[in-house]
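*Asks:*
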Amino acid sequence: MHTIFLIYLFFINLTGYAMMGIDKKRAVRGAWRISEASLFWVALAGGALGCTLGMHRFRHKTRHWYFRYGMPAIFLAQALALWALSGSYDLFRLK
Numbered sequence: 753m754h755t756i757f758l759i760y761l762f763f764i765n766l767t768g769y770a771m772m773g774i775d776k777k778r779a780v781r782g783a784w785r786i787s788e789a790s791l792f793w794v795a796l797a798g799g800a801l802g803c804t805l806g807m808h809r810f811r812h813k814t815r816h817w818y819f820r821y822g823m824p825a826i827f828l829a830q831a832l833a834l835w836a837l838s839g840s841y842d843l844f845r846l847k
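First residue of the sequence shown? That's 753 in my numbering, and the numbers climb one at a time after it.
(1) In chain order, what residues of the same chain have a beta carbon less than 8 angstroms from the beta carbon of K776, not counting five sequence neighbours either side?
(2) According to the neighbour-count rule (16 or more other Cβ atoms, all chains shown, within 10 Å of its Cβ), is Y769 buried or exposed?
(3) Could you tell me the distance, in whole angstroms, from the CA atom of T804 to the CA atom of T755?
(4) Flag this pair as yes or no: are the beta carbons of M807 and I786 separated by less than 7 angstroms?
(5) Please go through the segment 798-834 and give each complete alpha helix (DSSP H) segment of 4 or more residues, from N-terminal end onward.
(6) Taking DSSP as the reference, what is the three-state secondary structure of A783?
(7) By Cβ distance, which residues of its chain are closer than 6 angstroms to N765, with the 5 residues on each side in sequence left out?
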């Protein structure tokens, strides 16, 4: 089960990274664009790291505050959720 989840995370992050690159290329050419909502949906589906890396690699959407702060915030929330769900901590342990 963990393997399937890791494969999913790999591909959803690859998709987010690629979508940022494709949208940047289309923006430069003045062609039809990928909607901002689609980029955020991919991020919310687990691809926030890929979207964030793609955003910086392609210098795309970095001027928009909701991308500059939103994508890393989504990634941080997802990372904390995975950490909490993993059970590899004892946050409320009183010793």
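Glycine residues also receive a C-beta, built at the ideal position from the N, C-alpha and C atoms.
Just so it is clear, the structure is predicted and the values come from calculations on it, not from any experiment.
*Replies:* Let me spell this out:
(1) Numbered from 1 along the sequence shown, position 24 holds the residue referred to as residue 776. Here K776 has F810, R811, H812 as same chain residues with Cβ atoms under 8 angstroms from its own Cβ, once five neighbours each way along the sequence are excluded.
(2) Along the sequence shown, one-based indexing puts residue 769 at 17. Taking all protein chains shown into account, Y769 has 16 or more neighbouring C-beta atoms within 10 Å of its C-beta and is therefore buried.
(3) Counting from 1 along the sequence shown, the entry for residue 804 is found at position 52. Counting from 1 along the sequence shown, the entry for residue 755 is found at position 3. Put simply, the backbone Cα of T804 is about 23 angstroms away from that of T755.
(4) For the purposes of this step, residue 807 is taken as the residue at position 55 of the sequence shown. For the purposes of this step, residue 786 is taken as the residue at position 34 of the sequence shown. No, the pair does not count as a contact, with Cβ atoms beyond the cut-off.
(5) Those alpha helix (DSSP H) runs which fall completely within the segment 798-834 and span 4+ residues are 800-809, 817-820.
(6) Residue mapping note: residue 783 aligns to position 31 of the sequence shown, counting from 1. The answer is coil: DSSP assigns A783 none of H, G, I, E or B.
(7) Counting from 1 along the sequence shown, the entry for residue 765 is found at position 13. Closer than 6 angstroms at Cβ, skipping near neighbours: G799, L801, G802.
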